[in-house]
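Working notes for the structure below.
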Amino acid sequence: MGIRIEHLDKRFGSFTALDDINLEIHKGELLALLGPSGSGKTTLLRVIAGLEHADQGRILFGGEDASRLGVQERRVGFVFQHYALFKHMTVADNIAFGLKVRRGRERWPAQRIAARVEELLSLVQLQGLGGRYPAQLSGGQRQRVALARALAIEPRVLLLDEPFGALDAQVRRDLRSWLRQIHEQTGLTTVFVTHDQEEALELADRVAILSGGRIEQLATPAEAYDRPATPFVYSFVGAVNRLRGQRRGDSIEVAGLALPATGVEAAGEGALDLFVRPEDLRLGEGGWDAVVVSSQRSGPRLRLRARLEGGNGQEVELDLPVEAQGRHPAGTRVGVLPVRFGAFPAA
Amino acid sequence: MALETGANVQGVLALEADEVVVERTRAEPRPRLASPTSEPRWVQWLLLLAALGFLLSFLLLPLVLVFSEALRHGVDAFLAAVREPDALAAIRLTLLVTAIVLPLNLVFGVAAAWAVSKHEFPGKRVLVSLIDLPFAVSPVVAGLLFILIFGAHGWAWPLIDEGLTLGLPVLGQVHLQLPKVVFALPGIVLATVFVTFPFIARELMPLMEQQGSDEELAALSLGASGWQTFWRVTLPNIRWGLLYGVLLCGARAMGEFGAVSVVSGHIRGRTNTLPLHVEILYNEYAYSAAFAAASLLALSALVTLVLKTWLEWRHGESLAANHRH
Chain A
208 MGIRIEHLDK
218 RFGSFTALDD
228 INLEIHKGEL
238 LALLGPSGSG
248 KTTLLRVIAG
258 LEHADQGRIL
268 FGGEDASRLG
278 VQERRVGFVF
288 QHYALFKHMT
298 VADNIAFGLK
308 VRRGRERWPA
318 QRIAARVEEL
328 LSLVQLQGLG
338 GRYPAQLSGG
348 QRQRVALARA
358 LAIEPRVLLL
368 DEPFGALDAQ
378 VRRDLRSWLR
388 QIHEQTGLTT
398 VFVTHDQEEA
408 LELADRVAIL
418 SGGRIEQLAT
428 PAEAYDRPAT
438 PFVYSFVGAV
448 NRLRGQRRGD
458 SIEVAGLALP
468 ATGVEAAGEG
478 ALDLFVRPED
488 LRLGEGGWDA
498 VVVSSQRSGP
508 RLRLRARLEG
518 GNGQEVELDL
528 PVEAQGRHPA
538 GTRVGVLPVR
548 FGAFPAA
Chain B
5 MALETGANVQ
15 GVLALEADEV
25 VVERTRAEPR
35 PRLASPTSEP
45 RWVQWLLLLA
55 ALGFLLSFLL
65 LPLVLVFSEA
75 LRHGVDAFLA
85 AVREPDALAA
95 IRLTLLVTAI
105 VLPLNLVFGV
115 AAAWAVSKHE
125 FPGKRVLVSL
135 IDLPFAVSPV
145 VAGLLFILIF
155 GAHGWAWPLI
165 DEGLTLGLPV
175 LGQVHLQLPK
185 VVFALPGIVL
195 ATVFVTFPFI
205 ARELMPLMEQ
215 QGSDEELAAL
225 SLGASGWQTF
235 WRVTLPNIRW
245 GLLYGVLLCG
255 ARAMGEFGAV
265 SVVSGHIRGR
275 TNTLPLHVEI
285 LYNEYAYSAA
295 FAAASLLALS
305 ALVTLVLKTW
315 LEWRHGESLA
325 ANHRH
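Chains as they are written, first to last, in this note's numbering: chain A, 208 to 554; chain B, 5 to 329.
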């Protein structure tokens, strides 16, 4: 079921959590809400779920206005960051909860509930653990129970709040690909909140990047990384070098180098900020003359810091394959060439 | 570099063998250094003795004395004192009052704790201070309060004495008359409710706050009604804390003296609770009977203590953080 969000506003006292949010979530897509803490991403998710109510704006679930519906009527599957499992119930009872609280004609017979629980346990690969209590499970297992519990009610959309936030790195990676699998199996429209860009870029079909209660960019992960729409997206998604520059006609002058201004929207003459990712800088002729300041091995890559000759002491960071190690000790002169960059009017 | 896995594995093996050998040769015990936060041994003993001495002389000794005095004239005298009609009436009244007060405070306490810990509303701080009021106010003052309201010169006296006749549109003439409060059961119950109110609310508030409302929100998002959420999620999560509060509340309700003394009127066989009965007997120099009645109260306190300790030991993790051991 697609979700449409129109002009959503939410304030907490003097703090603006959501500022005129408009968002269209396609049916069956996996969308990430990515942003730093305080950007409004969790508030947006909770408003979609009906756990919070917006001050203004509408939320449509497949064309039907859900803004006035309470959380019970929205039929959303919500997975909490800290699982929020019912501690005093077994795993099976946790999963069955949403089915057992149904009354009247919607109520399923006990046998059907039990069968559904078994089905979900195998979906989340926890067969045979139905009799355990949450306290007897690992963090990753608990999160999978929470997901199974949310899926039990056959929700119209699945919402996950920092689903892997409380887990360690290895478990996170495993669960990430597993969540992608579940998403493909169920075909549910899924929205998840994360502050981890790697998670968002790897897992989602599209990413909405939030800052200060506004959506800075809504794009596919590749687009968000390759063509960030704002300086904020540039610096929040991935690493980036920021250099002072000047617009002159059809070119941008940065640290003594003239770069073509095609595709740069900054109009007229004036100061601007140039953004270049470390991996978009190559060593070679025709670029800036620079002096290596330091080189640092970081896992499979080599990080090189270099000071630009004509750049008032501005430094850039380069990302090189590890084979380059030792070839450019501090003090060596190198040529640094930007192969892809973005420019925005100076802030 | 990436293909040199063989070398890595060898390195790991060599390291492991080395480590094992080193561990084994270092088996001799090293001299134990005192932790920087622990005191010299003699200071530890001195403090321990002081604490023990205090406990013995001020807590255990009186308790033993109560029981020995109660049984000084033999078991028969003890039984006679307990079976005496006034004593039986006092026991019955105490149990009755406790039986009325506990469910009342259970409901009030859960409702207050729930309102305060799971919701944000203006005036929350004021409400929390009000809940604590009975702890701050002397029980005697609390008792006087009820005399001022319901006594023969109190505000509500006309309602009790003559009642109020109202002409209501649909119901016609309605006669509203309150039962006698002061020097009767309702007064004793009111005074006890007032004094014991904070026990359950205070026990539950930190517990519920600490648990947050994620589980409730999860239940709601799964389609549970507010009522189902309360019975199936909120209540089971606080059950041990609730029992703990009920226990403390019950112990206090049975032992309450000050507030009840003011409102009860000390009518023997009718408005005398067990603590008041003890006082009357004592004032009449019936020491043995007084101690016999007192020993019943002490016994109930001991039972409470045992149950409380068991709860802390067995379900400490489900109680508010300040009771964890």
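Glycine is no exception: its CB is placed at the ideal position from the N, C-alpha and C atoms.
Given the structure is predicted, the values throughout are model-derived calculations rather than measurements.
Coil, strand or helix - residue i by DSSP
i: Ser274 (chain A); result: coil
i: Asn276 (chain B); result: coil
i: Val546 (chain A); result: coil
i: Ala239 (chain A); result: strand
i: Thr539 (chain A); result: coil
i: Tyr68 (chain B); result: Sequence inspection shows Val at residue 68 (chain B); the Tyr mentioned does not correspond to that position. It is helical.
i: Arg510 (chain A); result: strand
i: His295 (chain A); result: coil
i: Gly477 (chain A); result: strand
i: Gln521 (chain A); result: coil
i: Asp375 (chain A); result: coil
i: Val141 (chain B); result: coil
i: Glu43 (chain B); result: coil
i: Thr401 (chain A); result: strand
i: Ala18 (chain B); result: Any reading at Ala18 (chain B) is ruled out, since the residue's pLDDT is 42, under 50, leaving its predicted position unreliable.
i: Leu527 (chain A); result: strand
i: Trp317 (chain B); result: helix
i: Phe222 (chain A); result: strand
i: Pro552 (chain A); result: strand
i: Ala187 (chain B); result: It should be pointed out that residue 187 (chain B) corresponds to Phe in this sequence rather than to Ala. Residue state, collapsed to three classes: coil.
i: Phe203 (chain B); result: helix
i: Phe261 (chain B); result: coil
i: Gly113 (chain B); result: helix
Proximity below 8 Å, CB of residue i to CB of residue j
i: Pro552 (chain A); j: Gly494 (chain A); result: no
i: Ala497 (chain A); j: Val447 (chain A); result: no
i: Phe150 (chain B); j: Val185 (chain B); result: yes
i: Ala637 (chain A); j: Lys294 (chain A); result: Residue coverage of chain A in this structure runs from 208 to 554, which leaves residue 637 (chain A) outside it and unanswerable.
i: Ala81 (chain B); j: His281 (chain B); result: no
i: Ala297 (chain B); j: Ala55 (chain B); result: no
i: Leu195 (chain B); j: Ala146 (chain B); result: It is worth fixing the name first, because residue 195 (chain B) is Ala in this sequence and not Leu. In this structure, Ala146 (chain B) lies closer than 8 Å to Ala195 (chain B) by Cβ.
i: His416 (chain A); j: Gly269 (chain A); result: It should be noted that the sequence gives Ile, not His, for residue 416 (chain A). No. Outside cutoff.
i: Ile212 (chain A); j: Gly284 (chain A); result: no
i: Ala94 (chain B); j: Ser299 (chain B); result: no
i: Ala550 (chain A); j: Ile422 (chain A); result: no
i: Leu276 (chain A); j: Ile210 (chain A); result: no
i: Leu252 (chain A); j: Leu238 (chain A); result: no
i: Thr250 (chain A); j: Asp368 (chain A); result: no
i: Lys364 (chain A); j: Gly227 (chain B); result: Just to set this straight, residue 364 (chain A) is Val in the shown sequence, not Lys. Not closer than 8 Å, so no.
Beta-bridge pairing of residue i - partner residues as DSSP gives them
i: Ile459 (chain A); result: A:Arg454, A:Leu466
i: Asn448 (chain A); result: A:Val483
i: Glu231 (chain A); result: A:Arg211
i: Leu425 (chain A); result: A:Ala415
i: Val286 (chain A); result: A:Leu367
i: Thr396 (chain A); result: A:Val364
i: Ala497 (chain A); result: A:Leu515, A:Val541
i: Ser505 (chain A); result: A:Arg508
i: Val178 (chain B); result: B:Leu170
i: Asp216 (chain A); result: A:Gln263
i: Arg489 (chain A); result: A:Leu544
i: Phe268 (chain A); result: A:Ile210, A:Glu271
Rounded Cβ spacing between residue i and residue j (contact assumed at less than 8 Å)
i: Ala223 (chain B); j: Phe304 (chain A); result: 7 Å
i: Glu522 (chain A); j: Arg514 (chain A); result: 5 Å
i: Pro528 (chain A); j: Leu511 (chain A); result: In fact, because the Cβ distance is near 11 Å, the residues do not count as touching under 8 Å.
i: Leu50 (chain B); j: Gly113 (chain B); result: About 42 Å; that fails the 8 Å criterion.
i: Leu327 (chain A); j: Ala355 (chain A); result: 4 Å
i: Leu333 (chain A); j: Gln350 (chain A); result: About 11 Å separates the two Cβ atoms, so there is no contact after all.
i: Val105 (chain B); j: Val193 (chain B); result: 6 Å
Residues that residue i contacts on chain D, provided the C-beta gap is smaller than 8 Å
i: Gln404 (chain A); result: Any reference to chain D falls outside this structure, whose protein chains are A and B.
The ligand SAM heavy atom lying under 7 Å from the CB of residue i
i: Leu544 (chain A); result: With respect to the ligand SAM, the structure shown offers nothing to examine, as it has no ligands at all.
Closer than 7 Å between beta carbons: that is the criterion. Which residues of the region 298 to 323 of chain A meet it against chain B?
Phe304, Gly305, Val308, Arg309
Can you pull out the residues from the region 238 to 258 of chain A whose beta carbon lies closer than 8 Å to at least one beta carbon of chain B?
Ala256, Gly257, Leu258
By the 9 Å beta-carbon criterion, what residues does the region 235 to 248 of chain B contribute toward chain A?
Arg236, Val237, Pro240, Asn241, Arg243
Short-range partners of chain A found in the region 206 to 234 of chain B, where Cβ spacing is below 8 Å
Asp218, Glu219, Leu221, Ala222, Ala223, Leu224, Ser225, Leu226, Gly227, Ala228, Ser229, Gln232
Positions along the region 358 to 385 of chain A whose CB lies within less than 8 Å of some CB in chain B:
Ala359, Ile360
Positions along the region 210 to 234 of chain A whose CB lies within less than 8 Å of some CB in chain B:
none
Identify each residue in the region 433 to 452 of chain A for which the Cβ-Cβ distance to at least one residue of chain B is less than 7 Å, and report them in chain order.
none
Tell me which residues of the region 342 to 353 of chain A have at least one Cβ-Cβ distance to chain B shorter than 7 Å, keeping chain order.
none
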